[in-house]
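First up is the structure itself, then whatever we jot down about it.
2 protein chains.
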Amino acid sequence: MRTIEELQEIAIKTIEQENFLASPKNLYEPIDYAMHQGGKRIRPLLALMASELFSGDIEKAKPVAIAIEVLHNFTLLHDDIMDKSPLRRGKPTVYNKYDTSAAILSGDTMYSLACKYLLRSETKLIPDLMECFTQGIIEVFHGQAYDMEFEERNDVRIEEYIEMIRLKTGALLASALKLGAITALADKKDMDYLYNFGLNIGIAFQLQDDILDCWSNLEDFGKVTGTDIADNKKTFLYLKSLELADKDDKEVLTKYFSSTNFDKKEKEDAIKAIYHKLNLKQIAQQLMQEYNNKAMESLDKIGVDNQRKQNLISFANKLMHRNK
Amino acid sequence: MRTIEELQEIAIKTIEQENFLASPKNLYEPIDYAMHQGGKRIRPLLALMASELFSGDIEKAKPVAIAIEVLHNFTLLHDDIMDKSPLRRGKPTVYNKYDTSAAILSGDTMYSLACKYLLRSETKLIPDLMECFTQGIIEVFHGQAYDMEFEERNDVRIEEYIEMIRLKTGALLASALKLGAITALADKKDMDYLYNFGLNIGIAFQLQDDILDCWSNLEDFGKVTGTDIADNKKTFLYLKSLELADKDDKEVLTKYFSSTNFDKKEKEDAIKAIYHKLNLKQIAQQLMQEYNNKAMESLDKIGVDNQRKQNLISFANKLMHRNK
Chain Y
8 MRTIEELQEI AIKTIEQENF LASPKNLYEP IDYAMHQGGK RIRPLLALMA SELFSGDIEK
68 AKPVAIAIEV LHNFTLLHDD IMDKSPLRRG KPTVYNKYDT SAAILSGDTM YSLACKYLLR
128 SETKLIPDLM ECFTQGIIEV FHGQAYDMEF EERNDVRIEE YIEMIRLKTG ALLASALKLG
188 AITALADKKD MDYLYNFGLN IGIAFQLQDD ILDCWSNLED FGKVTGTDIA DNKKTFLYLK
248 SLELADKDDK EVLTKYFSST NFDKKEKEDA IKAIYHKLNL KQIAQQLMQE YNNKAMESLD
308 KIGVDNQRKQ NLISFANKLM HRNK
Chain C
8 MRTIEELQEI AIKTIEQENF LASPKNLYEP IDYAMHQGGK RIRPLLALMA SELFSGDIEK
68 AKPVAIAIEV LHNFTLLHDD IMDKSPLRRG KPTVYNKYDT SAAILSGDTM YSLACKYLLR
128 SETKLIPDLM ECFTQGIIEV FHGQAYDMEF EERNDVRIEE YIEMIRLKTG ALLASALKLG
188 AITALADKKD MDYLYNFGLN IGIAFQLQDD ILDCWSNLED FGKVTGTDIA DNKKTFLYLK
248 SLELADKDDK EVLTKYFSST NFDKKEKEDA IKAIYHKLNL KQIAQQLMQE YNNKAMESLD
308 KIGVDNQRKQ NLISFANKLM HRNK
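Taken in sequence, the protein lines are chains Y and C.
All letters in the first sequence, in the order written, are residues 8 to 331 by my numbering.
All letters in the second sequence, in the order written, are residues 8 to 331 by my numbering.
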């Protein structure tokens, strides 16, 4: 069995060696730029790990590994337009480097390219792969739509936030695993357990992202930090702080989250002081741990040797302790 | 055999009775709005006609008929952002009625919904259907990218323009036919002839669109007319006029097409006077006829009774003589 490091290296190489340049140049240059910005290649890695878990024939999982990474990057191109994010992994985002039209059209094309990679799989697997792929991306869109809806609402509940990140982040991680499992001809029940594992590590992953956005820095994180606070994002941290704060702190929180016209530094300091007082970093980490535990319970039920599950266990642990 | 009018009615009803409303509302409302703006439902009709041509079992073609219409409307949502078009079929475009983010995300979701409709087809057909579908939409994106590239270039050749509209308009019409043919289990060679028929009527269709944009009016056409001239679009009319004009007229043409700051009416009148002098409406109509002839030659080669081809022949004739 391959180690997680070996699989990670294969995942990275598989993406890196793909050439996305083609004609028309104005369409494919932004795609090539987006696809070669490095990154952890988590989704391809998950597809390969799922394949390794059930069969070890990872060659068969490579088309879906590329497909899911292209699909993920397509969502980033469009999200960055909607969120007006200037940077990603420390580099200009596509709409910022090129323009909005390029980011829209190159993004659309990436969705098709992702389908094309998927279609390289064995013919008999294609209906199941397409079903999983399509359901996964629809859930991501649902998550993004709820995320946008929440910006306009002042009554977002914590359960709603968790459901949103389950869709926006969890669904694609879970789909990556399931796609790999399909290529390994896994048992239907085992695939469902694995999917559920993916959803829960996805929620834990996003909670960690919220923590890092608040308490990390640009150099480590590769993204501008403090954006959630600056943009009044109703993350778990904010929603929980509203629940726990006394009357005065609640007023401070709602005042600062009612506008983006405050001095960024002043606002960040004021909010973080309240988060600190309420012990929110620890509370968020504890919730992360709960979702990690759920993921582990699900993994436990999969009918293969525990030995084979070690990679996924250490993957989940790494996610919990990452700083970027 | 059903008449073209019967098939058209079925195509329209099939789309009209689909309900696109679901949660999240902010995602599906723009989709429902876009899908229920009426329209000729040409692509579903083509899918049904192809099915009728080979088998007559049009129930099997309905999922692909809906899929191709949803896919087409997805491209319109995104094109309207890129082209800054305020109106479509006389109504506000999605990005104009809602906002750019809604048009991006609802458009993306429509691509996935189109895949979902496709996946309702018989399992054994899905790999071929997905292959056709994916190739078709990639060509549309290529066409749109060339269209954008041409805006920046002053040396676009007429062949390049024809290739662009073959991709941007022809590919999806041809794909609609081929998808219908796949569900009717048509012979591979016949499908290629039918595909080729679709490409050529697509080119004729777009040439007619260019003519209508120039010589029709808002009430008939349902879109703001004269936009090609106002936006310096390098249509066949413009490219051919440059080829035929004398030195003075060429100067007028290039002067007006170098900026969008001219008075719209003054510019339109000046350009149309030159088009009229050069007989461009007739020249464009003649070229349309040539592509129509090519389409007919291709249709002729398909190995089914001529009787069964009558619907496609009258469809092509109608396209040639439409005023909207």
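No residue lacks a Cβ here, since even glycine has one placed at the ideal position from N, Cα and C.
All values reported here derive from a predicted model rather than from experimental measurement.
With a beta-carbon spacing of about 6 angstroms, C/L14 and C/E59 fall inside the 8 angstroms limit used to define contacts. Its chain contains D220 as the residues whose beta carbon lies nearer than 7 angstroms to that of C/T234, once the 5 sequence neighbours on both sides are disregarded; these appear in chain order. Just measuring C-alpha positions, the residue of C/L294, C/D255, C/Q293, C/K195 sitting nearest C/A277 is C/D255. At least one beta carbon of chain C lies nearer than 9 angstroms to the beta carbon of Y/C122. Taking a beta-carbon distance threshold of 9 angstroms, Y/H328 does not count as an interface residue toward chain C. In its chain, beyond the 5 residues on either side, Y202, G205, L206 have a beta carbon closer than 6 angstroms to the beta carbon of C/A181. At a cut-off of 9 angstroms between C-beta atoms, C/L192 does not count as an interface residue with respect to chain Y. Residues of the region 144-155 of chain Y that bring their beta carbon within less than 7 angstroms of a beta carbon in chain C comprise I144, I145, F148, H149, Q151, A152, Y153, M155, in sequence order.
Around the C-beta of Y/H85, 16 or more other C-beta atoms lie within 10 Å, and the residue is accordingly described as buried. Here C/A109 has P37 as same chain residues with Cβ atoms under 6 angstroms from its own Cβ, once five neighbours each way along the sequence are excluded. By the Cβ-count criterion, Y/K241 is buried, with 16 or more other Cβ atoms from all chains shown falling within 10 Å of its own Cβ.
By alpha-carbon distance to C/M8, the top candidate from C/L55, C/I49, C/I19, C/K47 is C/L55. About 15 angstroms separates the beta carbon of Y/M117 from that of C/C122, a gap too long to meet the 8 angstroms contact definition. Between the C-alpha atoms of C/I22 and C/I49 there is a straight-line separation of about 11 angstroms. Chain order gives the chain C residues near Y/Y118 as D115, Y118, S119, I144, where near means a beta carbon separation below 9 angstroms. Beta-bridge analysis with DSSP links Y/K98 to Y/R95. The criterion of a C-beta distance shorter than 9 angstroms is not satisfied by C/A302 and C/A280. Taking every protein chain shown into account, the CB of Y/V147 has 16 or more other CB atoms within 10 angstroms, so this residue is buried. Contacts between C/N33 and chain Y, judged by CB atoms closer than 8 angstroms, involve A152, M155, E156 in chain order.
Within the model, the alpha-carbon separation for Y/L28 versus C/Y168 is close to 22 angstroms. Counting only Cβ-Cβ distances below 9 angstroms, C/I172 has no contacts in chain Y at all, with the closest Cβ about 14 angstroms away.
Under the 9 angstroms criterion on CB atoms, C/E23 is classed as non-interfacial with respect to chain Y.
Within the model, the alpha-carbon separation for C/W222 versus Y/K274 is close to 58 angstroms. The C-beta of C/E76 has 16 or more other C-beta atoms within 10 Å across all chains shown, which makes the residue buried. Residues of the region 266-298 of chain C whose Cβ lies closer than 8 angstroms to any Cβ of chain Y: none. A distance of 9 angstroms or more separates the beta carbons of C/I111 and Y/I218. Sequence-distant partners of C/Y263 (beyond 5 residues in either direction) whose C-beta falls short of 7 angstroms from its own C-beta, in its chain, are F269, K274, A277, I278. The C-alpha of C/G177 is placed about 15 angstroms away from the C-alpha of C/L306. Judged by DSSP secondary structure, Y/T261 falls within the alpha helix (DSSP H) whose first and last residues are 254-263. Closest option to C/R127, judged by alpha-carbon separation, among C/K175, C/E66, C/V163: C/E66. Interface criterion not met: the Cβ of C/H79 is under 9 angstroms from no Cβ in chain Y. Y/N286 carries a coil assignment under DSSP once its states are collapsed to helix, strand and coil.
The three-state secondary structure of Y/T267, taken from DSSP, is coil. 9 angstroms or more divides the Cβ of Y/D197 from the Cβ of Y/F81. Secondary structure note for C/R315: its alpha helix (DSSP H) is the uninterrupted segment 313-327. Between C/L251 and C/A291, the C-beta gap is not smaller than 9 angstroms, which leaves the two residues out of contact.
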